[in-house]
Amino acid sequence: MRNRERCRAAAWCAFVWATLLPAPAADQVEKTLADRSRQYLIDLIRLDTSNPPGAETKLANYLKKVADAEGIPNELVGGDRARLNFIARLNGSGTERPLLLMAHSDVVPADRTQWSVDPFAAMIREGYIYGRGAQDDKSLLAAELAVLVELKRRGLAARRTVILLSEADEEADSSGIQWLIRNAYPKIEAEFAINEGGFSFDAPSGQRVLQIQTAEKIPSRVVLTIQWCIWRAPSRGSPTPINPYGSIPRREDTCGKSLSCPIIAGSDRICRSWRARVRRLRQRMRFAAAILSLTRSSARRCRPPCSPRA
Ligand SMILES: [Zn+2]
594 MRNRERCRAA
604 AWCAFVWATL
614 LPAPAADQVE
624 KTLADRSRQY
634 LIDLIRLDTS
644 NPPGAETKLA
654 NYLKKVADAE
664 GIPNELVGGD
674 RARLNFIARL
684 NGSGTERPLL
694 LMAHSDVVPA
704 DRTQWSVDPF
714 AAMIREGYIY
724 GRGAQDDKSL
734 LAAELAVLVE
744 LKRRGLAARR
754 TVILLSEADE
764 EADSSGIQWL
774 IRNAYPKIEA
784 EFAINEGGFS
794 FDAPSGQRVL
804 QIQTAEKIPS
814 RVVLTIQWCI
824 WRAPSRGSPT
834 PINPYGSIPR
844 REDTCGKSLS
854 CPIIAGSDRI
864 CRSWRARVRR
874 LRQRMRFAAA
884 ILSLTRSSAR
894 RCRPPCSPRA
């Protein structure tokens with residue numbers, strides 16, 4: 594697999610920055626931000642954080658080094674020394690609740706036989722940066738880091754505290770964010786967050802397109818169950834002392850096993866499969882009812898020496 598990203602970090606940068614400042618200011622700082630975020634992206638790709646094993650602490654240390662050099666308060670936290678999360682914080686006036694900028698620090702493994710370049714060299718070729726994580730998710734992390742540094746350098750009096758979070762192990766067990774939620778939630782609590790999702794690209798018309806994604810795919814598993822029974826009218830006519838139900842159907846003892854089918858919400862293929870199963874079940878129920886009816890009526894007619902097969 595080959596990743597190539599042209600100015601993706603720069604596009605993310607413009608987006609993140611535009612959420613914080615009016616448009617004219619965003620235009621002015623875009624070039625500086627782009628240059629800085631591009632360098633951060635190259636550095637981050639060269640830190641191999643393939644998960645497993647992740648070993649994201651080395652990337653967290655890189656972020657810490659940058660933040661320390663800029664005088665941005667930060668810390669490394671987590672339950673595994675080799676897989677620490679990074680949190681930096683620029684305090685605002687507090688009149689509004691914090692904004693959380695987040696991006697994961699690990700990447701999925703790269704099968705080198707499928708790459709035309711070293712996936713961790715961050716090679717630049719014809720204006721593209723090649724490398725594992727160039728798209729997911731180090732471009733966003735680089736952009737957010739650049740924005741945080743820009744905010745600090747400008748000494749802006751923001752109404753919101755801006756928190757930068759880089760969490761470990763997103764690609765596998767999400768143990769980084771799980772640990773943070775359980776043990777350090779106040780450190781990342783915010784009114785809203787900007788995270789990965791959506792795409793940015795330059796359209797043939799020359800326009801830069803920034804797509805917005807508001808939620809990640811979330812499997813929602815439910816189990817649909819059918820409990821089925823056969824109802825049958827044993828005779829025709831009005832109720833009598835011998836047949837108190839007359840032609841009113843009664844439930845047979847033949848109540849079927851439940852048929853369960855796991856459904857993942859939004860999966861058309863599985864829903865179609867489920868509907869087909871229900872159709873087949875209905876056909877089987879009609880067939881079973883017909884056989885049952887025939888068997889019982891022949892059994893009633895059959896008296897010795899008549900054999901059951903007569
Ligand atoms: Zn991702």
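Counting with this note's numbering, you get residues 594 to 903 for the letters of the sequence shown.
Where a beta carbon is used, it is the ideal one built from N, C-alpha and C, also for glycine.
For H697, tell me which candidate among G799, Q771, Q876 and A826 has the shortest Cα-Cα distance.
In the sequence shown, the residue the question calls residue 697 occupies position 104. The residue with the shortest Cα to Cα distance from H697 is Q771.
Less than 7 Å between the CB of D730 and some heavy atom of ligand 2, yes or no?
Ligands displayed in this structure: ligand 1; ligand 2 is not among them.
Could you pull out every unbroken beta strand (DSSP E) segment of at least 3 residues lying fully inside the region 768 to 809, listed in chain order?
785 to 787, 793 to 795 and 801 to 803
How about C822: is its C-beta nearer than 8 Å to some C-beta of chain D?
No chain D is present in this structure, which holds just one protein chain.
For L694 and E784, the rounded distance between their alpha carbons
Residue numbering aside, residue 784 sits at position 191 when the sequence shown is read from its first letter. Residue numbering aside, residue 694 sits at position 101 when the sequence shown is read from its first letter. The alpha-carbon atoms of E784 and L694 are separated by roughly 11 Å.
Whole angstroms are fine: how far does the CA of A714 sit from the CA of T706?
Locating residue 706 in the sequence shown gives position 113, counting from the first residue. Locating residue 714 in the sequence shown gives position 121, counting from the first residue. Straight-line spacing of the CA atoms in T706 and A714 works out to 15 Å.
CB G791 to CB I805, shorter than 8 Å?
One-based indexing of the sequence shown puts residue 791 at position 198. One-based indexing of the sequence shown puts residue 805 at position 212. In this structure, I805 lies closer than 8 Å to G791 by Cβ.
Output yes or no for whether 8 Å exceeds the beta carbon distance between G685 and R775.
Taking the first residue of the sequence shown as 1, we reach residue 685 at position 92. Taking the first residue of the sequence shown as 1, we reach residue 775 at position 182. No. Outside cutoff.
Starting from the C-beta of I665, find all residues in its chain whose C-beta is less than 7 Å away, skip the five residues before and the five after it, and write them out in chain order.
One-based indexing of the sequence shown puts residue 665 at position 72. Taken in chain order, the residues that qualify are A681, L683, L741 and K745.
Neighbourhood of Y655 by C-beta, 8 Å cutoff - its chain only, sequence neighbours within 5 removed:
As a first step, residue 655 is located in the sequence shown; it is residue number 62 there, counting from the start. For Y655, where only same-chain residues beyond five positions count, the Cβ hits under 8 Å are D636, L637 and L640.
Go ahead and pull the three-state DSSP assignment for V659.
One-based indexing of the sequence shown puts residue 659 at position 66. Helix, per DSSP.
At a threshold of 7 Å, does E809 count as lining ligand 1 (C-beta to nearest heavy atom)?
Position 216 of the sequence shown, counted from the start, is the residue given in the question as residue 809. Every heavy atom of ligand 1 is 7 Å or more from the Cβ of E809, so no.
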